[in-house]
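J.: Here's a structure for you.
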Amino acid sequence: DAKTTQPNSMESNEEEPVHLPCNHSTISGTDYIHWYRQLPSQGPEYVIHGLTSNVNNRMASLAIAEDRKSSTLILHRATLRDAAVYYCIRNSGGSNYKLTFGKGTLLTVNP
Amino acid sequence: EAQVTQNPRYLITVTGKKLTVTCSQNMNHEYMSWYRQDPGLGLRQIYYSMNVEVTDKGDVPEGYKVSRKEKRNFPLILESPSPNQTSLYFCASSLWSNSPLHFGNGTRLTVT
């Protein structure tokens, strides 16, 4: 089963860090973990991805558990523009390009 | 500007009338894919393509066809649309299988 599990919703205050969890307990050794976010009336936007070690970019950080069964997207200082639905997906790549997005986490950022 | 372009943005049609939603990318990406998004169900993959003339089914392929005759284009074809295909559709492309996906702005389809 390629599905990931995320909380339906989370809430944060502006300028505070946000930790968005994702469970992918059946992940295989070669699956990448990708995160996307979607604003209303827009297509999903790439945020970050990784395989084993933690990853950082200008948008966020990705912390991957040592056993790779879970990961956490970290927004270091939430802004109002970060309010969106966040999707965590497993990407097995290669000849099997089936990507399952799931329902995502709706992040609300309070001013 | 690097982008994935879908057309049309909005489409209202009637049951059984064949339609095509176009998708084009200008990034020379190998992989392209189609998704539908429905309330409460998230995004579900319809079809994907790994290269020209190479396509495969995603999770919900019934009622849809695709073709990949050129690297940049990946049209989604509904031969005989039905009301249960009313949805928001997204096309995406990526350089390789594990590369980040670039999404289009979506096509909202209504079948009456």
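Chain order of the listed sequences is A and B. Quick note on numbering: the numbering used here labels position 71 of the first sequence as 71, and the sequence is numbered without any gaps. Quick note on numbering: the numbering used here labels position 100 of the second sequence as 1100, and the sequence is numbered without any gaps. A virtual CB, placed ideally from N, CA and C, is assigned to each residue, including glycine.
Could you check how far apart the C-beta atoms of A/Leu106 and A/Ser9 are, in whole angstroms? I think they sit under 8 Å.
T.: Along the first sequence, read from residue 1 onward, the residue named residue 106 of chain A stands at position 106. Along the first sequence, read from residue 1 onward, the residue named residue 9 of chain A stands at position 9. The Cβ separation is near 4 Å, so the contact holds.
J.: Is it true that the CB of A/Thr4 sits closer than 8 Å to the CB of A/His19?
T.: For this step, residue 19 of chain A is matched to residue 19 along the first sequence. For this step, residue 4 of chain A is matched to residue 4 along the first sequence. For A/His19 and A/Thr4, no; Cβs fall outside 8 Å.
J.: Let me make sure I understand the geometry here. Which of B/Gly1063, B/Pro1008, B/Arg1036 and B/Tyr1048 has the alpha-carbon closest to that of B/Ser1097?
T.: As a working mapping, residue 1097 of chain B is identified with position 97 in the second sequence. For B/Ser1097, the nearest C-alpha among the options comes from B/Tyr1048.
J.: With 16 other CB atoms within 10 Å as the buried threshold, where does A/His76 fall?
T.: As a first step, residue 76 of chain A must be located in the first sequence, where it is residue number 76. When all chains shown are included, A/His76 counts as exposed.
J.: With respect to the beta strand (DSSP E) encompassing B/Trp1034, which residues constitute its N-terminal and C-terminal limits?
T.: The residue given as residue 1034 of chain B occupies position 34 in the second sequence. Residues Tyr1031 to Asp1038.
J.: Applying the criterion that 16 or more other CB atoms from any shown protein chain within 10 Å of the CB defines a buried residue, is B/Asn1045 buried or exposed?
T.: On the second sequence, residue 1045 of chain B is found 45 positions in, with the first residue counted as 1. It is Gln, not Asn, that sits at residue 1045 of chain B in the sequence shown. B/Gln1045 comes out buried.
J.: Drop a sphere of 10 angstroms on the beta-carbon of A/Ala65, count the other beta-carbons inside from all chains shown, and report buried for 16 or more, exposed for fewer.
T.: Working through the first sequence from its first residue, we reach residue 65 of chain A at position 65. So A/Ala65 ends up on the exposed side.
J.: Compare the C-beta of B/Phe1090 against all C-beta atoms of chain A and say whether one is closer than 8 Å.
T.: Within the second sequence, residue 1090 of chain B is the residue found at index 90, counting from 1. Yes, because at least one Cβ of chain A sits closer than 8 Å to the Cβ of B/Phe1090.
J.: Figure out for me which residue from B/Val1060, B/Ser1094 and B/Asn1007 has the closest Cα to the Cα of B/Leu1019.
T.: Here residue 1019 of chain B refers to the residue found at position 19 of the second sequence. Per the Cα distances, B/Asn1007.
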